[in-house]
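In this note's numbering, the protein residues as written are 39 to 310.
For every residue, glycine included, the Cβ atom is placed at its ideal position computed from N, Cα and C.
A short write-up of the structure that comes next.
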Amino acid sequence: MQECMSNIPARKKTGFVPTMGALHAGHISLIESSTRECDYTIASIYVNPKQFNDPSDFLNYPVTIDNDIKLLEAAGCDAVFIPETSEIYNNYSGYIIDYEGLDKILEGAYRPGHFKAVVDIVYRLFDIVKPSFSYFGQKDYQQLLIIKKMLEQTEMKITIRPCAIIREESGLAMSSRNMRLSVEEKESASQIFKIMESIDKAKIVNQQAKLIEEKITERINSVKHLKTEYVSFCEPNSLKPVIFFVKGSTVILCLAVYCGKIRLIDNKVLVF
Ligand code: AMP
């Protein structure tokens, strides 16, 4: 596998998977989607300090570069870009877009400045790598919408491919942060998906979303180690709050939950 991109022939289809490393099967599924569709697949590993609101979260973010490279190689990734902060931010102060409010809700409300930092880094990486396709996990659903919005506002011709959430056998959405959960916390964290799964659409159609959000919050908070930050039914394109569950509509349930000190996010699409 190359560690630079200088030998990639022009006009081939290149797929790009930006990551923060500590790779798991969720990341690898993105790589596999790219290798299926593209001639060349490039991953990046860069833990962007600017997108962390909590300095201790940044300092404790797992770094497993040697293992990451092995996993990427085994998955058929052709090159990995592991930039230094000086390479990224030298003479580059960021990229400005109109978020149309998407940066102020859900993750944006609890992590001020997070999405600006995400847009800054992804724009810079796109400008360096210049891929034809880029693969993003639906686990970070709001991020995916914002990256699509960014591309609508640039000249870049990059197609975004959303990829399904990969879960552990227990249902817990894979995340690099799961490595920091104890065995007992992991068991608690797996209840989050089980609670989402148990929503009976037939029973809640025509009901107020707020009531169901309250019930879900109560159930999650009754599990040891878990404390919700938000639980919100949203319209899937704008992430605006849903008021009623209307037959025929599609909504996405988005949530952020602390499991001990570790903040986890997850979501589930519901078609009524
Ligand atoms: P990260 O390293 O957390 O910045 O994630 C890099 C990419 O992997 C993002 O597009 C994430 O949405 C995606 N990703 C992370 N976890 C998962 C997962 N469990 N399933 C699918 N994609 C994921």
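Limits of the unbroken alpha helix (DSSP H) element including residue i
i: ASP95; result: 93 to 97
i: ARG301; result: Run containing ARG301: none in the alpha helix (DSSP H); it sits in the beta strand (DSSP E), 300 to 309.
i: ARG199; result: ARG199 -> not in any alpha helix (DSSP H); beta strand (DSSP E) instead, spanning 197 to 201.
i: LEU68; result: 63 to 75
i: GLU235; result: 221 to 235
i: TYR173; result: TYR173 -> not in any alpha helix (DSSP H); beta strand (DSSP E) instead, spanning 171 to 175.
i: PHE90; result: Unbroken run through PHE90: none, as it is neither H nor E.
i: ASP238; result: Per DSSP, ASP238 belongs to no alpha helix (DSSP H) and is neither H nor E.
i: MET188; result: 179 to 190
i: ILE159; result: 152 to 167
i: ASP104; result: 103 to 112
Bounding residues of the beta strand (DSSP E) (the contiguous stretch that carries residue i)
i: ILE290; result: 288 to 297
i: THR123; result: From DSSP, THR123 is part of no beta strand (DSSP E) but of the alpha helix (DSSP H) over 123 to 127.
i: ILE80; result: 78 to 83
i: GLY146; result: From DSSP, GLY146 is part of no beta strand (DSSP E) but of the alpha helix (DSSP H) over 145 to 148.
i: PHE316; result: Past the edges of the chain, shown from 39 to 310, lies residue 316, and the structure says nothing about it.
Closest by C-alpha distance to residue i, when choosing among the options
i: GLU138; options: TYR296, VAL289, ASN275 and ILE290; result: ASN275
i: GLU125; options: MET194, ILE159, LYS241 and THR288; result: ILE159
i: LYS285; options: LYS241, ARG149 and THR197; result: LYS241
i: LYS306; options: GLY114, GLN180, MET234 and LYS299; result: MET234
i: THR192; options: ARG215, ALA247, VAL243 and ASP165; result: ASP165
i: LYS186; options: MET194, GLY175 and ILE198; result: ILE198
i: HIS263; options: VAL85, LEU219 and LYS232; result: LEU219
i: PRO87; options: ALA81, TYR99, TYR78 and CYS76; result: TYR99
i: TYR127; options: VAL101, ILE184, ARG162 and LEU210; result: ARG162
i: ASN91; options: ILE80, ALA113, ARG149 and VAL85; result: ARG149
i: ILE254; options: LEU291, ARG301 and SER228; result: LEU291
i: ASP141; options: GLN181, GLU111 and TYR173; result: GLN181
i: GLY146; options: TYR268, MET217 and TYR296; result: TYR268
i: VAL101; options: GLU223, VAL295, ILE83 and GLU75; result: ILE83
i: LYS239; options: PHE271, SER214 and GLU75; result: PHE271
i: SER260; options: GLY53, ALA227, GLU122 and LEU210; result: ALA227
i: THR288; options: ALA211, ILE103 and LEU308; result: LEU308
i: GLU223; options: LEU302, GLY64 and VAL55; result: LEU302
i: ALA211; options: GLU225, ILE196, PHE231 and MET217; result: PHE231
i: ARG215; options: LEU277, ILE300, ASP304 and ASN244; result: ILE300
i: LYS248; options: LYS51, THR73, PHE282 and LEU97; result: PHE282
i: VAL221; options: GLY114, ALA112, ASP136 and CYS297; result: CYS297
i: LYS50; options: THR79, ILE258, ILE143 and ASP106; result: THR79
i: ASP77; options: ALA112, MET217 and PHE54; result: PHE54
DSSP beta-bridge partners of residue i
i: THR255; result: Bridge partners of THR255: none, in fact.
i: LEU26; result: In this structure the chain extends from 39 to 310, so residue 26 is not present and cannot be described.
i: PHE119; result: SER82
i: SER270; result: CYS292
Beta carbon proximity, residue i to chain D, threshold 8 Å
i: ARG218; result: This model lacks chain D altogether, as it is built from one protein chain only.
> Residues with a Cβ closer than 6 Å to any heavy atom of the ligand AMP, in chain order?
Replying inline: THR57, MET58, GLY64, HIS65, SER67, LEU68, PHE174, GLY175, LYS177, ASP178, CYS201, ILE203, ILE204, ALA211, MET212, SER213 and SER214
> Quick one: any contact between the region 131 to 147 and the region 68 to 87, if contact means 3 or more CB pairs under 8 Å?
Replying inline: no
> Do the region 139 to 155 and the region 167 to 175 meet, that is, are 3 or more Cβ pairs less than 8 Å apart?
Replying inline: no
> Should the region 193 to 213 be called in touch with the region 177 to 185, which here means at least 3 C-beta pairs below 8 Å?
Replying inline: yes
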